[in-house]
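Enquirer: One structure, pasted below without further comment.
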Amino acid sequence: MAQAKRTPNRIHFTPERIRKAKCPQGRQQLLVWDDDPRSLGLRVTASGAKSYVFEFRLHGRNGRTTIGSIEAWDIAAARAEARRLQVLVDSGTDPRDEKAAQARQKERERHEKQRQAVTLGELWPEYVEANSKHWSENHQKDHQKAIQTPGLPRQRSKLKTKAGPLYALSGVRLVDLTPDRLERWLLEESKSRPTAAARAFRLLRAFLHWCEDQPRYQGLAAPSEVLTKKVRKAVASPKAKTDCLQKEMLADWFGAVGQHDNSVVTAYLEALLLTGARREEMARLKWADVDFRWRSLTLGDKVEGERIIPLTPYLASKLYALPRRNEWVFSSATSESGRLTDVYRAHQRAVAMAGLPHTTFHGLRRSFGTLAEWMECPVGIVAQIQGHKPSALAEKHYRQRPLDLLRKWHTSIESWILDQAGLEQPDPTEKLKKLGVVNASH
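Numbering (our numbering), first residue to last: 596 to 1037.
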């Protein structure tokens, strides 16, 4: 390889000469070259900045690259670097390419360091935002509660919020989510709230799979490596819920619920029992979804999107008598959303007043399916009314039951439940005519 270009401005570099070197007035820079190695130069800018440079000739072309400032490099180190770079040139490598490669490597290392520093708590909001449009409102709330910060004020209570099950992991880096850590977390959380811990684990599992699908987070906590068999065994086994109203309890339950001073709450709770609907399906019922003429309700369904069920006589009379404050059937004059949002305590007070065992909203849904068996109603009929996912091939592809057939059985179920509760049996047509419902759209 050819030697570096000779210039007349060449000296033997010494600390004193480096210190005294100045850029002439009127020029942008001054270049001074060392006598050994001759490829080492000193560049002095008009502002006074000084740095070592390396000049070379490769493949018939001159080139120059910066070694570094005189503050970072002493003369001996700069000379050694110039000789090293000359070896690269002699081997046919452009020092600028090496420098660019080193810069890229440093950038990759910096990016990887940032990537590995990300914590579960930092990524959780991004995960929720990216997927929440596909989730129900309840599922979104589950994600908020799972990582909830403790000590915050509650909306309807003087008590402060408790930490969500995942809060303990919110400050942990994804790369530190080892099987041992997850197992310890599950065992600790399961001591006081096994059901919540199991639910949080399922949310975490979906979160980790999402992270693995994102190129920028891939490999930080691969589910195949983190969610080991040992971790899965630490998840508390779900216990089947058994809360359910027996027929002997119906009179007391209806009596207690009927004493509530809010007719909307009473109608809502009775609607849950008489339809077996999910609590949010019924809470989101709008007047536009109620067809008094053809006696049907259109409910939002988490399986099919929506389903149409019969509007039975007793329930129709209850709904027709409700105040029409807004678009919601079960409206609220105080709720920000305009509809009932918190009826849990009201129901628990009614259950306690009646001296009945603990019964949840889902227990009312379970009660409908259980009580329907007294009428020997076909299982498929009950499942379709309740919105259960079809479990048999025939149910999925060959059973398309008309609303009239559902109404026949649903009316019988309602009538039997009311009879057990000792309530008046409404005439399917006469009572609705008195209300002005039959042959009249609401």
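Idealized CB from N, CA, C, for every residue including glycine.
For Gly1017, does the count of other Cβ atoms within 10 angstroms reach 16, so buried, or fall short, so exposed?
Expert: Along the sequence shown, read from residue 1 onward, the residue named residue 1017 stands at position 422. Result: exposed.
Enquirer: Helix, strand or coil for Met703? Go by DSSP, reduced to three states.
Expert: What you label residue 703 is simply residue 108 of the sequence shown in a count that begins at 1. Sequence check: residue 703 is Arg here, not Met. Three-state result, Arg703: helix.
Enquirer: Looking at the structure shown, is Arg605 part of a helix, part of a strand, or coil, going by DSSP?
Expert: Residue mapping note: residue 605 aligns to position 10 of the sequence shown, counting from 1. Reduced to three states, the DSSP call for Arg605 is strand.
Enquirer: Tell me, please, which residues DSSP counts as bridged to Gly658.
Expert: Counting from 1 along the sequence shown, the entry for residue 658 is found at position 63. Bridge partners of Gly658: Phe651.
Enquirer: Could I get the ranges of all uninterrupted alpha helix (DSSP H) runs contained in the region 712-772, with 4 residues as the minimum, in chain order?
Expert: Counting only runs of 4 or more, we get 715-726 and 732-741.
Enquirer: Leaving aside the five residues before and after Arg622 along the sequence, list all residues of the same chain whose C-beta is less than 8 angstroms from its C-beta, in chain order.
Expert: Taking the first residue of the sequence shown as 1, we reach residue 622 at position 27. Excluding positions up to five away in sequence, the list reads Ala641.
Enquirer: Give a yes or no on whether the C-beta atoms belonging to Pro774 and Thr823 are separated by under 8 angstroms.
Expert: By one-based count along the sequence shown, residue 774 stands at place 179. By one-based count along the sequence shown, residue 823 stands at place 228. It is a contact, given that the beta carbons lie within the stated cut-off.
Enquirer: Leaving out the 5 sequence neighbours to the left and right, which residues in its chain are closer than 6 angstroms to Gly658 when beta-carbon positions are compared?
Expert: Reading the sequence shown from its first residue, position 63 is the one you call residue 658. Answer for Gly658: Phe651, listed in chain order.
Enquirer: Does His992 pass the burial test, meaning 16 or more other C-beta atoms within 10 Å, or should it be called exposed?
Expert: Indexing the sequence shown from 1 puts residue 992 at position 397. Confidence at His992 is low in this model, with a pLDDT of 46, below 50, so the placement of that residue should be treated as unreliable; the coordinate-derived value is given next. By the neighbour-count rule (16 or more Cβ atoms within 10 Å), His992 is not buried but exposed.
Enquirer: To the nearest angstrom, report how far apart Arg934 and Asn857 are at their CA atoms.
Expert: Position 339 of the sequence shown, counted from the first residue, corresponds to residue 934. Position 262 of the sequence shown, counted from the first residue, corresponds to residue 857. Using only the alpha carbons, I get a separation of about 13 angstroms.
Enquirer: If you measure between the beta carbons of Ala866 and Leu910, is that distance less than 8 angstroms?
Expert: Numbered from its first residue, the sequence shown carries residue 866 at position 271. Numbered from its first residue, the sequence shown carries residue 910 at position 315. Yes; because the gap between Cβ atoms is below 8 angstroms, this pair is in contact.
Enquirer: If we count the other Cβ atoms within 10 Å of its Cβ and call it buried at 16 or more, is Tyr722 buried or exposed?
Expert: As a working note, residue 722 is residue 127 in the sequence shown. That one is buried.
Enquirer: According to DSSP, simplified to helix, strand and coil, what is Pro619?
Expert: Position 24 of the sequence shown, counted from the start, is the residue given in the question as residue 619. Here Pro619 sits in coil by DSSP.
Enquirer: Here's a check: name, in chain order, each residue in its chain whose Cβ is nearer than 6 angstroms to the Cβ of Gln1015, leaving out the five neighbours to either side.
Expert: Against the sequence shown, residue 1015 aligns to sequence position 420. Result list for Gln1015: Lys842 and Leu845, in chain order.
Enquirer: Which residues does DSSP list as the beta-bridge partners of Trp628?
Expert: Taking the sequence shown and counting its residues from 1, one reaches residue 628 at position 33. Trp628 pairs with Arg605 and Gly636.
Enquirer: Counting pairs of Cβ atoms below 8 angstroms between the region 923-930 and the region 872-881, do you hit three or more?
Expert: Yes: the two stretches touch, three or more of their Cβ pairs being nearer than 8 angstroms.
Enquirer: So, for Arg691: in the same chain, excluding its five sequence neighbours on each side, which residues have a beta-carbon less than 6 angstroms away from its beta-carbon?
Expert: Counted from its first residue, the sequence shown places residue 691 at position 96. Taken in chain order, the residues that qualify are Thr660.
Enquirer: Starting from Ser930 and walking both ways along the beta strand (DSSP E), at which residues does that stretch end?
Expert: On the sequence shown, position 335 is the one that residue 930 refers to. Note, Ser930: premise wrong, no beta strand (DSSP E); not H, not E.
Enquirer: Just checking, does the region 687-704 make contact with the region 668-677 on the three C-beta pairs under 8 angstroms criterion?
Expert: Output reads no: the region 668-677 does not touch the region 687-704.
Enquirer: With a Cβ-Cβ cutoff of 8 angstroms, do Val860 and Val938 count as a contact?
Expert: If you number the sequence shown from 1, residue 860 lands on position 265. If you number the sequence shown from 1, residue 938 lands on position 343. Against a cut-off of 8 angstroms, the Cβ pair of Val938 and Val860 comes out as a contact.
Enquirer: Do you know offhand how far Ala947's Cα is from Ser962's?
Expert: Numbered from 1 along the sequence shown, position 352 holds the residue referred to as residue 947. Numbered from 1 along the sequence shown, position 367 holds the residue referred to as residue 962. Each residue's Cα considered, the two are about 17 angstroms apart.
Enquirer: List the residues that DSSP assigns as beta-bridge partners of Trp923.
Expert: The count along the sequence shown starts at 1 and reaches residue 923 at position 328. Its beta-bridge partners are Lys881.
Enquirer: Are there 16 or more other CB atoms within 10 angstroms of the CB of Arg614, so buried, or fewer, so exposed?
Expert: Counting from one through the sequence shown, the residue named residue 614 turns up at place 19. Exposed is the call here.
Enquirer: Count the other CB atoms within 10 Å of the CB of Leu754; is the residue buried (16 or more) or exposed (fewer)?
Expert: The residue labelled residue 754 in the question sits at position 159 within the sequence shown. Counting Cβ neighbours within 10 Å, Leu754 comes out exposed, since fewer than 16 surround it.
Enquirer: On the premise that His942 lies in contact with Leu840, defined as a C-beta separation below 8 angstroms, what is that separation, rounded to the nearest angstrom?
Expert: Translated into the one-based positions of the sequence shown, residue 840 becomes position 245. Translated into the one-based positions of the sequence shown, residue 942 becomes position 347. At roughly 12 angstroms, the Cβ-Cβ gap does not stay under 8 angstroms, so Leu840 and His942 are not in contact.
Enquirer: What are the boundary residues of the alpha helix (DSSP H) that includes Arg679?
Expert: Translated into the one-based positions of the sequence shown, residue 679 becomes position 84. Ile670 to Asp685 is the extent of the alpha helix (DSSP H) around Arg679.
Enquirer: Starting from Glu865, trace the alpha helix (DSSP H) in both directions and tell me its first and last residue.
Expert: To locate residue 865, count along the sequence shown from 1; it is residue 270. Its alpha helix (DSSP H) spans residues Ser858 to Thr870.
Enquirer: Let me check one thing: in DSSP terms, what residues is Ile903 bridge-paired to?
Expert: In the sequence shown, counting from the first residue as 1, residue 903 sits at position 308. Looking at the DSSP assignment, Ile903 forms a beta bridge with Thr893.
Enquirer: I need the boundaries of the alpha helix (DSSP H) containing Thr688, first residue and last residue.
Expert: Mapped onto the sequence shown, residue 688 falls at position 93. Per DSSP, Thr688 belongs to no alpha helix (DSSP H) and is neither H nor E.
Enquirer: If we ignore side chains and look at the alpha-carbon of each, how far apart do His804 and Leu892 end up?
Expert: Along the sequence shown, one-based indexing puts residue 804 at 209. Along the sequence shown, one-based indexing puts residue 892 at 297. Each residue's alpha carbon lies about 38 angstroms from the other.
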